[in-house]
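Residue numbers (our numbering): 136 to 415.
What follows is the structure, encoded as structure tokens:
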């Protein structure tokens with residue numbers, strides 16, 4: 136890590152390198168020309184982590200773990216850009232990120248190095264060199280999420296980290312009716328954890344499906360983007376409709392009122408998976 140600082144001795148003669156300020160120093164350095172842009176497709180089990188985003192303790196974030204290994208691999212201070220954040224305890228089959236680097240390592244060498252040194256619950260599925268302008272977050276066109284609910288009176292010892300145990304009997308037909316009301320372009324702030332937002336909270340949901348796979352309910356969500364905790368709040372609302380605590384017509388009221396408390400409880404994080412990110 137320190138080796139890469141020698142490239143900038145002339146620029147930073149008075150700065151003492153300390154762990155707490157390293158990242159700030161690197162952010163202020165001039166951008167190098169002709170850097171390669173590398174795209175990663177990532178799978179991870181989120182149960183040990185505080186989420187995707189690095190928030191100080193890199194050992195407890197997916198982003199931080201990957202950045203640590205990339206920085207060791209390249210001798211550069213690497214910062215990766217994810218397609219979006221996932222919360223503590225949530226998982227991904229197809230998270231996408233990109234980073235800039237001067238390394239001459241091939242895509243095969245990069246993926247081999249990462250999968251050798253990353254913890255076993257983080258796997259790089261694909262490495263590609265992409266055009267310089269590619270941005271994992273800004274260029275994402277659609278995302279697909281899955282949410283899993285274990286719907287049996289008896290819990291599962293094996294599925295407890297990857298689904299929400301919900302033993303109550305559900306009316307799937309009513310839940311599907313509610314799904315139809317949610318598909319389309321709406322202001323979904325009532326289905327989000329956001330209190331206020333300067334940015335638009337209008338999103339388009341392309342599809343919501345509920346499949347019964349034995350005792351497991353598999354919810355699939357496809358849309359152009361999702362607000363903070365939106366998938367989990369919609370799932371919790373659909374479950375409350377399924378047990379009769381809320382009515383199908385309440386979906387319209389939540390959308391019109393834009394009030395979070397009118398929606399259902401937030402389904403827990405362990406049942407949520409980011410399946411795929413689609414690009415134009």
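By construction, the Cβ of each residue, glycine as well, lies at the ideal position given by its N, Cα and C atoms. Note that the structure is predicted; figures quoted are calculated from it, not measured.
Bridge partner(s) assigned by DSSP for residue i
i	result
residue 409	227, 280
residue 351	285, 348
residue 275	414
residue 234	173
residue 300	285
Buried versus exposed call for residue i [16 or more other C-beta atoms within 10 Å across all chains shown]
i	result
residue 180	buried
residue 299	buried
residue 200	buried
residue 255	exposed
residue 348	exposed
residue 396	exposed
residue 295	exposed
residue 159	The pLDDT assigned to residue 159 is 34, lower than 50, so where the model puts this residue is not dependable; a value taken from the coordinates is nonetheless given after this. Exposed, by the Cβ-count rule.
residue 197	buried
residue 174	buried
residue 375	buried
residue 379	exposed
Residue nearest to residue i in terms of C-alpha spacing, selected from the options
i	options	result
residue 352	196, 336, 371	371
residue 240	284, 259, 205, 224	205
residue 381	410, 277, 305	305
residue 187	211, 354, 231	231
residue 386	242, 258, 369	369
residue 284	275, 350, 220	350
residue 182	410, 297, 243, 271	297
residue 221	233, 243, 184	184
residue 119	375, 354, 339, 373	Because residue 119 is not part of the residues shown, which for the chain are 136 to 415, the question remains open.
residue 282	366, 178, 398, 172	366
residue 202	392, 229, 226, 257	257
residue 320	264, 228, 335	335
residue 209	171, 337, 405	171
residue 237	213, 393, 226	213
residue 266	291, 248, 301, 235	235
residue 286	413, 364, 307	307
residue 225	312, 403, 247	403
residue 405	328, 412, 293, 194	293
Contact belief for residue i with residue j at Cβ below 8 Å, rounded distance in angstroms
i	j	result
residue 318	residue 288	Their Cβ separation, rounded to whole angstroms, is 31 Å, which puts residue 318 and residue 288 out of contact at 8 Å.
residue 399	residue 310	Contact doesn't hold; Cβ gap of about 11 Å is too wide.
residue 178	residue 227	6 Å
residue 364	residue 328	4 Å
Sub-8 Å separation of residue i and residue j beta-carbons
i	j	result
residue 410	residue 277	no
residue 272	residue 219	yes
residue 344	residue 279	no
residue 176	residue 261	yes
residue 325	residue 390	yes
residue 274	residue 415	yes
residue 417	residue 412	What the structure shows of the chain is the stretch from 136 to 415, and residue 417 is not part of that stretch, so it cannot be assessed.
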